[in-house]
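**Student:** Pasting a structure below so you can have a look.
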Amino acid sequence: MIFRKLIFFILSIVVVIAIAGQAHAQRRDYLTDSEADIVRDSQQLDHRVNTLVKIIDRRFNALGIDPKAPVVKKDKTDWGPEPTGTRPELLGDIKALLQKAIDDIDNIAERPELMVADVTERKPKTFKEVFPIAVKSLAAAADRYKPLLQAEAAKTTDRIQTGLIANILELCDEITASVSRLPGS
10 MIFRKLIFFI LSIVVVIAIA GQAHAQRRDY LTDSEADIVR DSQQLDHRVN
60 TLVKIIDRRF NALGIDPKAP VVKKDKTDWG PEPTGTRPEL LGDIKALLQK
110 AIDDIDNIAE RPELMVADVT ERKPKTFKEV FPIAVKSLAA AADRYKPLLQ
160 AEAAKTTDRI QTGLIANILE LCDEITASVS RLPGS
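With the first letter of the sequence shown counted as 1, position 47 gets the number 56 in the numbering used here; the numbers rise by one all the way through.
So, in structure tokens, the structure goes:
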């Protein structure tokens, strides 16, 4: 009797570990390898936020939505292949990328001394110069995304997509509200 319980217990543990291993392996990374390298290289806050915004724009393009990104000079960066995934996966990527941008800004706001200066510039920018630029850049992108997301929310009947869109819209609202809390605003 004890032997059977021991065997059952061991088999139960093996099954739980196998299922947990599969669940961990299925977790999706919201950045492609090329994008992760670009983000890693973008250490100064304003550059990093602009990089994350560009990556979010790529997700909107993959969804077949024109993010109405402002035209910038020719970008020589190799962004790698276009991102792929289901609509919920791409919407989840957008949510995770917006949250990462918010977290990066929050981390620097809490500890400005940790900000990395761009050493390629003759006179590196200070926290007081870079921080408002990063926040306003992200807020401008959030303002572009809101009408697109509201239109998508009106079109979809899928509850998962509706929930993701609602979460992204909440993040966009938080971002645009943060501009009014900037010093001198």
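Glycine residues also receive a C-beta, built at the ideal position from the N, C-alpha and C atoms. The model shown is predicted, which means the values in this text are computed figures rather than measured ones.
(1) With distances taken Cα to Cα, identify the nearest neighbour of THR1 among THR95, GLU98, ALA45.
(2) In its own chain, which residues sit with a C-beta less than 7 Å from the C-beta of ARG57, not counting the 5 before and 5 after it?
(3) Taking 7 Å as the limit between beta carbons, can you name the residues of its chain near VAL125, skipping five residues before and five after?
(4) I need the DSSP call for TYR39, collapsed to helix, strand or coil.
(5) Could you say which of LYS104, ALA110, LYS77 lies nearest to ASN59 if we only look at CA atoms?
(6) Need the endpoints of the alpha helix (DSSP H) that ALA150 sits in, please.
(7) May I ask you to report which of helix, strand or coil DSSP gives ARG49?
(8) Closer than 8 Å by C-beta to ALA148: which residues in its own chain qualify, once you throw out the five before and the five after it? Chain order, please.
(9) Along the chain, where does the alpha helix (DSSP H) containing ILE184 start, and where does it finish?
(10) Thinking LEU191 and PRO141 are a contact (beta carbons under 8 Å), I'd like their distance in whole angstroms, please.
(11) Given a cut-off of 8 Å, decide if PRO92 and ASP102 are closer than it, judged by their beta-carbon atoms.
(12) Just confirm the distance between the C-beta atoms of LEU106 and TYR39, as a whole number of angstroms; I'd bet it's less than 8 Å.
**Tutor:** Short version:
(1) An answer regarding residue 1 cannot be provided, because it is not within the stretch 10 to 194 covered by the chain.
(2) For the purposes of this step, residue 57 is identified with residue 48 of the sequence shown, where counting begins at 1. Excluding residues within five positions, the ones whose Cβ falls inside 7 Å are VAL48, SER51, ASP113.
(3) The sequence position of residue 125 within the sequence shown is 116, counting from 1. The residues are GLN52, GLN53.
(4) For the purposes of this step, residue 39 is taken as the residue at position 30 of the sequence shown. Coil, per DSSP.
(5) Residue mapping note: residue 59 aligns to position 50 of the sequence shown, counting from 1. The candidate whose alpha carbon is nearest that of ASN59 is ALA110.
(6) In the sequence shown, counting from the first residue as 1, residue 150 sits at position 141. Note, ALA150: alpha helix (DSSP H), 136-164.
(7) Counted from its first residue, the sequence shown places residue 49 at position 40. Helix at ARG49.
(8) Here residue 148 refers to the residue found at position 139 when the sequence shown is read from its first residue. Contacts found: ILE184, THR185, SER187, VAL188.
(9) By 1-based counting over the sequence shown, the position of residue 184 is 175. Residues 168-188.
(10) The sequence position of residue 191 within the sequence shown is 182, counting from 1. The sequence position of residue 141 within the sequence shown is 132, counting from 1. Right, their Cβ atoms sit about 5 Å apart.
(11) In the sequence shown, counting from the first residue as 1, residue 102 sits at position 93. In the sequence shown, counting from the first residue as 1, residue 92 sits at position 83. Result yes, Cβ atoms of ASP102 and PRO92 sit closer than 8 Å.
(12) One-based indexing of the sequence shown puts residue 106 at position 97. One-based indexing of the sequence shown puts residue 39 at position 30. Yes, LEU106 and TYR39 are in contact; Cβ-Cβ is about 6 Å, under 8 Å.
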